[in-house]
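Single-structure report; data block below.
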Amino acid sequence: MKKGKLNLLGTGIALSLVTSTLLHATNGDHLISVGAKARGMGGVGIAMSHGAESTLNNPALITAVESTEISFGGTVFMPDIKTQLNANPQAVAGGMMAPQGKMTSDADLNMIPEVSLAHKVTENFYIGIGMWGTAGMGTDYSQNGSVKDTLMTTGQFNNFDMVTNLQLMQFAVPLAYKANGFSIAIAPILQYGNLDINYVLPVPTGPTTPPNFMSVGAGLSQDFAFGFSAGATYDFSNGLVLGAVYKSKIDMEYTNQLSTATAPFGIVLPDGDHLEQPDEIGVGIAYTMDQHTFAFDYKKIRWSSAKGYKDFGWEDQNVYAFGYEYAQDNWALRAGYNYASSAVVETLNPAINMFNLLGFPATEEQHYTIGGTYAFNEQFSLDLAYVYAAENTETFDVSALQMGLDSVTTDHSENSLSFQLTYKF
Numbered sequence: 075m076k077k078g079k080l081n082l083l084g085t086g087i088a089l090s091l092v093t094s095t096l097l098h099a100t101n102g103d104h105l106i107s108v109g110a111k112a113r114g115m116g117g118v119g120i121a122m123s124h125g126a127e128s129t130l131n132n133p134a135l136i137t138a139v140e141s142t143e144i145s146f147g148g149t150v151f152m153p154d155i156k157t158q159l160n161a162n163p164q165a166v167a168g169g170m171m172a173p174q175g176k177m178t179s180d181a182d183l184n185m186i187p188e189v190s191l192a193h194k195v196t197e198n199f200y201i202g203i204g205m206w207g208t209a210g211m212g213t214d215y216s217q218n219g220s221v222k223d224t225l226m227t228t229g230q231f232n233n234f235d236m237v238t239n240l241q242l243m244q245f246a247v248p249l250a251y252k253a254n255g256f257s258i259a260i261a262p263i264l265q266y267g268n269l270d271i272n273y274v275l276p277v278p279t280g281p282t283t284p285p286n287f288m289s290v291g292a293g294l295s296q297d298f299a300f301g302f303s304a305g306a307t308y309d310f311s312n313g314l315v316l317g318a319v320y321k322s323k324i325d326m327e328y329t330n331q332l333s334t335a336t337a338p339f340g341i342v343l344p345d346g347d348h349l350e351q352p353d354e355i356g357v358g359i360a361y362t363m364d365q366h367t368f369a370f371d372y373k374k375i376r377w378s379s380a381k382g383y384k385d386f387g388w389e390d391q392n393v394y395a396f397g398y399e400y401a402q403d404n405w406a407l408r409a410g411y412n413y414a415s416s417a418v419v420e421t422l423n424p425a426i427n428m429f430n431l432l433g434f435p436a437t438e439e440q441h442y443t444i445g446g447t448y449a450f451n452e453q454f455s456l457d458l459a460y461v462y463a464a465e466n467t468e469t470f471d472v473s474a475l476q477m478g479l480d481s482v483t484t485d486h487s488e489n490s491l492s493f494q495l496t497y498k499f
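Rendered as structure tokens:
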């Protein structure tokens, strides 16, 4: 059986590496949560155990596993991102620029994998393992026609043919200890990331001469780095559970990516090509009464002190997640809400504003979720979750770039469907 478990997990990890594609922002560039159970409850998972999938949300909660549990599945992610470069009224009136229209990013369908396993070794000691797509962001405007053709023939910028792609995956092995209602755990994390930024930039040549065009990009850059998460919970044995979790920073360096992309705009990034996933701290509470469970999580994501993100003016996020579950016999229904104000805010640097909204519009704020579980028998169950992120519109000033543009406006909404199969040995 041990060999079978190892082979199954290895297959899941290999599948994760192969199928992980472009992710999109929810809480900044983080998913609101991983795992179908947590996603169906607004992302709560600091004080409420979701079995093996709790490995990343709060590793201390794997102590709720009765023996051995494995879950595998994924999320079909469907973002809708539209960005408009708003022409300067004077440039339009003078015939130098046409009114700009909204363009839709073609990065609109993605698959995010998840595999988790938790095992009860003794009455007090538990171990787990897991692999997840956890974060990312990006856009693709390359299929809307050539920026050269549209600018020359219609006065349209065509969003610079911008293509950005950040992917992040984490592999963790939590170790947990439980005694007298108290659980504590630590989970070393190996993170893999890759980043690619490329676009086409018009270069003015004179007042009466058509502009030249420069392709900007450095290909795909990858990195591996280590971090950890630590969690604790206390079960009062009356239905009330309190939890806390801390996740460390993980510093990634994507050689030549950020520096190459920002150089034509005269931007000098203090942190160079580093893009550090921020640390976060969270607390949660869950209360179960008969078939009803109510849960609330709060966490703070510290973008403003993370390398790279702070260079782009990202602000810290306070994330509030509310979840409800009704469980009866072999089925359960869930609902939730997740809110965090946008980490991407307008800065005094117009080039930074351009890059944030055109390439990395991590502006989502409100998520509404529903989900459920059906257990076919005592060992095998299916979990489903649907998440809708309401449209959020942001407009940032870029007039100081003197490119005939006044501002950038991005509309961002999302739909996602998560599914998960769980088997208990």
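If you want the working numbering, it's the 1-based position in the sequence shown plus 74.
Backbone N, C-alpha and C fix where the C-beta goes; we use that ideal spot for every residue, glycine too.
No experiment lies behind these values; they were computed from the predicted model shown.
{"Check": "Determine the DSSP secondary structure at Glu127, reduced to helix, strand or coil.", "Outcome": "helix"}
{"Check": "What residues in its chain sit with their C-beta under 8 Å from that of Glu350, if we drop five residues either side in the sequence?", "Outcome": "Lys323, Ile324, Asp325, Met326, Ala380, Lys381, Gly382, Tyr383"}
{"Check": "Could you have a look at His486 and say whether DSSP puts it in helix, strand or coil?", "Outcome": "strand"}
{"Check": "In terms of residues, what are the limits of the alpha helix (DSSP H) holding Gly210?", "Outcome": "Run containing Gly210: none in the alpha helix (DSSP H); it sits in the beta strand (DSSP E), 199 to 214."}
{"Check": "Tyr394 to Ala414, Cα distance in whole Å?", "Outcome": "6 Å"}
{"Check": "For the alpha helix (DSSP H) that Pro276 lies in, which residues bound it at each end?", "Outcome": "Per DSSP, Pro276 belongs to no alpha helix (DSSP H); it is in the beta strand (DSSP E), 256 to 277."}
{"Check": "Hey, quick one: how far does the alpha helix (DSSP H) through Pro424 stretch, first residue to last?", "Outcome": "424 to 433"}
{"Check": "May I have the straight-line CA-CA distance separating Lys252 from Phe302, to the nearest angstrom?", "Outcome": "19 Å"}
{"Check": "Under three-state DSSP, which class holds Leu96?", "Outcome": "Only weak support exists for where Leu96 lies, its pLDDT of 47 falling under 50; the coordinates are left without a value."}
{"Check": "Please name the residue in Asn489, Ala474, Met243 whose C-alpha comes closest to that of Glu465.", "Outcome": "Asn489"}
{"Check": "Let me check understanding here. Comparing Cα to Cα, which of Ile271, Leu314, Asn272, Thr329 lies closest to Gln510?", "Outcome": "What the structure shows of the chain is the stretch from 75 to 499, and residue 510 is not part of that stretch, so it cannot be assessed."}
{"Check": "I'd like the span of the beta strand (DSSP E) that includes Arg408, first residue to last.", "Outcome": "405 to 413"}
{"Check": "Which whole-angstrom value is the C-beta distance of Ala459 and Ala110, which I expect to be below 8 Å?", "Outcome": "4 Å"}
{"Check": "Looking only at its chain, what residues have a beta carbon closer than 6 Å to the beta carbon of Pro424, apart from the 5 residues adjacent to it on each side?", "Outcome": "Val472, Ala474, Leu475"}
{"Check": "Using a Cβ distance threshold of 8 Å, determine whether the segment 354 to 369 contacts the segment 114 to 131, with at least three qualifying pairs required.", "Outcome": "yes"}
{"Check": "Could you give the distance in angstroms between the alpha-carbon of Lys321 and the alpha-carbon of Asn131?", "Outcome": "10 Å"}
{"Check": "Does the distance from the CB of Tyr200 to the CB of Gly255 come in under 8 Å?", "Outcome": "no"}
{"Check": "By the 10 Å Cβ neighbour count, where 16 or more other Cβ atoms means buried, how is Leu96 classified, buried or exposed?", "Outcome": "For Leu96, the predicted structure reports a pLDDT of 47, less than 50, and the residue's modelled location is therefore unreliable. A value from the coordinates is still provided. Under this definition Leu96 is a buried residue."}
{"Check": "Can you check whether the C-beta of Gly293 is within less than 8 Å of a C-beta belonging to chain D?", "Outcome": "The displayed structure is made up of one protein chain only, and chain D is not part of it."}
{"Check": "Under 8 Å, do Gly175 and Thr129 count as touching if we go by C-beta distance?", "Outcome": "no"}
{"Check": "Check whether the segment 328 to 343 and the segment 259 to 275 touch, using three or more Cβ-Cβ pairs below 8 Å as the test.", "Outcome": "yes"}
{"Check": "Using the Cα positions of Thr100 and Asn392, report the straight-line distance between them to the nearest angstrom.", "Outcome": "13 Å"}
{"Check": "Note down, in chain order, each residue of its chain lying with its Cβ closer than 6 Å to the Cβ of Ala318, except the 5 sequence neighbours on either side.", "Outcome": "Ala306, Val357"}
{"Check": "My parser needs the alpha helix (DSSP H) runs of 4 or more residues fully inside the segment 331 to 393; what are they?", "Outcome": "331 to 336"}
{"Check": "Assuming contact is defined by CB atoms lying nearer than 8 Å, are Leu240 and Gly207 in contact in what I supplied?", "Outcome": "no"}
{"Check": "For Ile355, count neighbouring C-beta atoms within 10 Å of its own C-beta (all shown protein chains included) and say buried if the count is 16 or more, exposed if not.", "Outcome": "exposed"}
{"Check": "Please go through the same chain and pick out, in chain order, the residues whose beta-carbon is closer than 7 Å to the beta-carbon of Leu159, but skip the five residues on each side of it.", "Outcome": "Gln174, Phe231, Asn233, Leu479, Val482"}
{"Check": "If you drop the 5 nearest sequence neighbours on each side, which residues of the same chain put their C-beta closer than 8 Å to that of Thr334?", "Outcome": "Ile271, Val290, Gly291, Ala292"}
{"Check": "In whole angstroms, what is the alpha-carbon distance linking Met185 and Gln164?", "Outcome": "44 Å"}
{"Check": "Just list the residues that DSSP pairs Val315 with in beta bridges.", "Outcome": "Asp309, Ala360"}
{"Check": "Decide if His104 is buried, meaning its Cβ has at least 16 other Cβ atoms within 10 Å, or exposed.", "Outcome": "buried"}
{"Check": "Please name the residue, chosen from Asp457, Asn404, Asp347, that lies closest to Asp385 on a Cα-to-Cα basis.", "Outcome": "Asp347"}
{"Check": "Rank Thr142, Ile144, Thr213, Val108 by C-alpha distance to the C-alpha of Pro435 and give the top, closest one.", "Outcome": "Thr213"}
{"Check": "Below 8 Å on the Cβ atoms is my contact criterion, and I expect Phe470 with Glu420 to pass it. Report the Cβ-Cβ distance as a whole number of Å.", "Outcome": "4 Å"}
{"Check": "Taking 8 Å as the cut-off, decide whether the C-beta atoms of Gly125 and Glu188 are in contact.", "Outcome": "no"}
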